[in-house]
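Presented below is the structure to which this report refers.
In my numbering, the protein residues as written are 1051 to 1921.
The following block contains the structure:
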């Protein structure tokens, strides 16, 4: 930064920022290292060019001749490391001028202007950095005899010179003035604007100015320059123009001469003289600032590569207000600020596909008449309007593109495609669209489709003349066939499920699916249906057709419809589920006559109970009137439903039981505690035609836990003097409304005390003390006591508030009964010891004693040390 200063060294502002007169003036040069992270350059060289001065001094320099240049080193002298070998870890120090990060370095000077215009121009030349630059690396062969030889590299630290930084616009500055009439116009900025349509219309989306190191995009581009009057007298109006020179990547230079900018970058500008008119005759138009621009489009649009953009401002003359003409003899007295150059790279941005849409809905069938309709939305930052994008469409099958010649083109029309499905596209094609800009960059987008094959396989029996048709939509290109032949044996006296009476067949057909494909999996089937075209002569009016595999008979259609193609025939139909495999081999049996619907059982449920059991089990019992007998094949049908979660009982548990089974227990692993289940039992036929009038029905809530937070708080554990039992005392806390009784259990493993068994004692809900027999083994052990809550069904849970424990001890008894020796009832608890005088007496003498067990009772947790006892 450069500025003129006042006597106190403060930068001048306003009119005083431009020097006038011939008196000596002071200037201030400020250099700062700035950036997004710490940056301490060394040996920052700044070139000062002084023009139009009779004398100048500053920073140890004195003016030699007018136009002299001073090379100023910005920074403060420090001793710093200038080299380090990372292999040997040895470094070298030296003295350098260091410009500290975000710390301004300044230099002051004094100048004496000459007669006319004068200026000081400051420009960064270069600076030195310290780091691991590639120029610092050293490489050598470590072992020449190795195969291959081993090369080692030392990435050393050193100093290296940089000529520019990341924001070069701040790398120069100037100040100027004049001591007499001084003519000067200046080229202020040079910019490159982009984002226009191919014809140059629209508004720019990006502007790159001189000093900004950014890439440009291919396509239409506007060069723009701003100019201004910076002479000593703005009433001296100057005529001007700008010559733009564009050098393309192939070295071709093209020039454009212009002095206005009517469109492209606001505000629009019509040519005027530079200066102020102030009513000085013709021409009437003048302004201190102006602009000029040229649009590069069509054949002049930018292509990929490195470009040089140069702008030169021409001083054409000064308007003579007396003669009212342009005086071309007057020249610009500071032409150095009339030129700017930008060197920028131009890149081609690849188009982007924002969306690809298919307008068809539902499944795609190879036989459908409706064509497929697609639309793609693409964007290219270099072609905002999209009129320079070309679209090509194809259907990719097994990696091979089938070009869609009817689709494609330039712009919005090419972005749409309509085509018919062809058999060769099956079964899983990809629709592909490729978007290419006019510079050759392209991108592709895909949409995967599933196209279902659509066939109707037919076979006609030789004797009965029945035609079987199998309509199938499936995901295979292999043709599907069926075989239908007359069976050698008919069916007589058949009892059909769901119907009463016996029936004889009029035709039996052996059916077989495609020999190659067999039965297709459900995942590969979209829809399936069958039709059976039967000569009317085979039937006496009514009839029905059934599918038979083994002993299973399934009704296909019980109503014959008249054929619309042949009045001598009737048609039966069967719509098979789409989520099932295709039909496997079996028989189709055609019965004549009307079907008589079977009746529901007359026997019903007369006794029923449903109760909750331990562990969440549901116990169901039922019965029928003892005077009634169920028909052969009739069953009990049980259903358990969580109505709250499954109102329609679509996911209920259903099970059939033989007539001699009248109880069922649903395991607790299939129920949820607290959930109410609706349970029903009916008497049904084997085909599940049920007696809905006499039904066993009830609701039961699963119970697998003890509810509430009721717990036992053991307050003390004591032992009577005879050592036969523990006395446990407790209080109950919390909600014990679901507790039927308590259980106190003990064990030596605190973490694994069993909550049932022979080491547990059951007590009443209102009881608060119990005697528990002590063990009788010899030795010492710590016993832990816990409380267990038990509900009416026998569910239990640990319900202990804190931890209670007791230390058990029982010594061996060596007493000779009734010999009158020994100690009985002596207190040996605590830390008591034998007197020292007794130890020698023990010698080879056996001392027999009866020692009553000592009990130390402690309690921890649920209250801390204030509940410990020692007995």
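Note that CB positions come from ideal geometry on N, CA and C, so glycine has one too.
Identify, in the order they occur along the chain, each residue of the same chain with its Cβ nearer than 8 Å to the Cβ of residue i, setting aside the five sequence neighbours on each side.
i: residue 1537; result: 1558, 1559, 1560, 1637
i: residue 1650; result: 1734, 1735, 1739, 1740, 1741, 1742
i: residue 1420; result: 1410
i: residue 1035; result: The shown model of the chain, from 1051 to 1921, leaves out residue 1035, and the question about it has no answer.
i: residue 1806; result: 1793, 1795, 1838, 1846
i: residue 1389; result: 1237, 1360, 1361, 1362, 1363
i: residue 1892; result: Residue placement at residue 1892 is poorly supported in this model, since its pLDDT is 31, which falls under 50; the coordinates still yield a value, given next. Cβ within range, chain order: n/a, list empty.
By DSSP, does residue i sit in helix, in strand, or in coil?
i: residue 1373; result: coil
i: residue 1664; result: helix
i: residue 1052; result: strand
i: residue 1782; result: strand
i: residue 1619; result: strand
i: residue 1586; result: helix
i: residue 1463; result: helix
i: residue 1806; result: coil
i: residue 1185; result: helix
i: residue 1086; result: coil
i: residue 1630; result: coil
i: residue 1887; result: Confidence is the limiting factor: at residue 1887 the pLDDT is only 35, short of 50, which leaves the residue's position unreliable and the question unanswerable from this model.
i: residue 1309; result: coil
i: residue 1385; result: helix
i: residue 1924; result: Because the chain is modelled from 1051 through 1921, residue 1924 falls outside the range shown and cannot be assessed.
i: residue 1922; result: Because the chain in this structure spans residues 1051 to 1921, residue 1922 falls outside the shown range and cannot be described.
i: residue 1572; result: helix
i: residue 1124; result: strand
i: residue 1061; result: strand
i: residue 1801; result: helix
Which residues does DSSP list as the beta-bridge partners of residue i?
i: residue 1671; result: 1659, 1713
i: residue 1133; result: 1142, 1208
i: residue 1791; result: 1814, 1840
i: residue 1637; result: 1560, 1598
i: residue 1457; result: Note: residue 1457 sits in no beta bridge, so no partner.
i: residue 1428; result: 1403
i: residue 1108; result: 1111, 1159
i: residue 1150; result: Residue 1150 is not bridged to any residue.
i: residue 1523; result: 1504, 1577
i: residue 1695; result: None, per the DSSP bridge assignment.
i: residue 1438; result: For residue 1438, which the question treats as bridged, DSSP gives no partner whatsoever.
i: residue 1304; result: 1296
i: residue 1777; result: 1768, 1821
So, at 6 Å on beta carbons, what are the nonlocal neighbours of residue i in its own chain, with the 5 sequence-adjacent residues on each side left out?
i: residue 1175; result: 1095, 1097
i: residue 1188; result: 1204
i: residue 1141; result: 1131, 1134
i: residue 1347; result: 1250, 1270
i: residue 1262; result: none
i: residue 1398; result: 1268, 1354, 1489, 1491
i: residue 1351; result: 1269, 1270
Short of 7 Å in beta carbon distance, which residues of its chain neighbour residue i, apart from the five on each side in sequence? Order them along the chain.
i: residue 1328; result: 1285
i: residue 1566; result: 1528
i: residue 1790; result: 1815, 1840, 1841, 1842
i: residue 1471; result: 1414, 1416, 1418, 1422, 1501
Between residue i and the ligand GTP, is there a pair consisting of the residue's CB and a ligand heavy atom that are separated by less than 8 Å?
i: residue 1276; result: With respect to the ligand GTP, the structure shown offers nothing to examine, as it has no ligands at all.
For the structure I just gave you, are there three or more beta carbon pairs, one from the stretch 1363–1377 and one from the stretch 1406–1414, closer than 8 Å?
Taking a cut-off of 8 Å on C-beta distances, the stretch 1363–1377 does not touch the stretch 1406–1414, as fewer than three cross pairs fall below it.
Inspect the CB distances between the stretch 1248–1258 and the stretch 1475–1486 and report whether three or more fall short of 8 Å.
With the cut-off at 8 Å, the stretch 1248–1258 and the stretch 1475–1486 do not touch.
Contained beta strand (DSSP E) runs [length at least 3] in the stretch 1218–1302, N- to C-terminal order
Annotation note: the stretch 1218–1302 contains the following uninterrupted beta strand (DSSP E) runs of length 3 or greater, listed N- to C-terminal: 1222–1228, 1235–1244, 1256–1259, 1271–1279, 1288–1297.
Counting pairs of beta carbons, one from the stretch 1697–1705 and one from the stretch 1743–1760, are three or more of them closer than 8 Å?
Touching, no.
Quick check on the DSSP output: what are the complete beta strand (DSSP E) runs of length 3 or more inside the stretch 1716–1772, in order along the chain?
Residue ranges of uninterrupted beta strand (DSSP E) with 3 or more members, entirely inside the stretch 1716–1772 and ordered along the chain, are 1726–1734, 1746–1751, 1761–1768.
Specify whether the stretch 1229–1240 and the stretch 1302–1316 touch according to this definition: at least 3 beta carbon pairs, one from each stretch, less than 8 Å apart.
Between the stretch 1229–1240 and the stretch 1302–1316 there are fewer than three inter-stretch CB-CB distances shorter than 8 Å, so the stretches are not counted as touching.
Can at least three beta-carbon pairs, one atom from the stretch 1426–1442 and one from the stretch 1519–1538, be found at a separation below 8 Å?
No: fewer than three Cβ pairs fall under 8 Å.
Enumerate, from N- to C-terminal direction, the unbroken beta strand (DSSP E) stretches of 3 or more residues contained entirely within the stretch 1467–1505.
For the stretch 1467–1505, whole beta strand (DSSP E) runs of length 3 or above, ordered along the chain, are 1480–1486, 1492–1498.
Is there contact here, the stretch 1214–1223 with the stretch 1159–1168, by at least three beta-carbon pairs under 8 Å?
They do not touch, by the three-pair rule.
Say whether the stretch 1653–1667 touches the stretch 1576–1588, bearing in mind that this needs 3 or more beta-carbon pairs closer than 8 Å, one atom from each stretch.
Flag = no, the stretch 1653–1667 and the stretch 1576–1588 do not touch.
Using 8 Å as the Cβ pair cut-off and three pairs as the minimum, do the stretch 1664–1672 and the stretch 1595–1608 touch?
Remark: fewer than three beta-carbon pairs, one from each stretch, lie closer than 8 Å, so the stretch 1664–1672 and the stretch 1595–1608 are not flagged as touching.
If we count Cβ pairs, one from each stretch, closer than 8 Å, do we get three or more for the stretch 1123–1130 versus the stretch 1182–1197?
When C-beta atoms of the stretch 1123–1130 are compared with those of the stretch 1182–1197, fewer than three pairs fall below 8 Å, so the two segments do not count as touching.
Are the stretch 1611–1630 and the stretch 1537–1557 in contact at 8 Å, needing three or more beta carbon pairs?
In short, these stretches do not touch, since the Cβ pair count stays below three.
Within the chosen definition, does the stretch 1145–1163 reach the stretch 1115–1125 through at least 3 CB pairs nearer than 8 Å?
Result yes; three or more Cβ-Cβ pairs closer than 8 Å.
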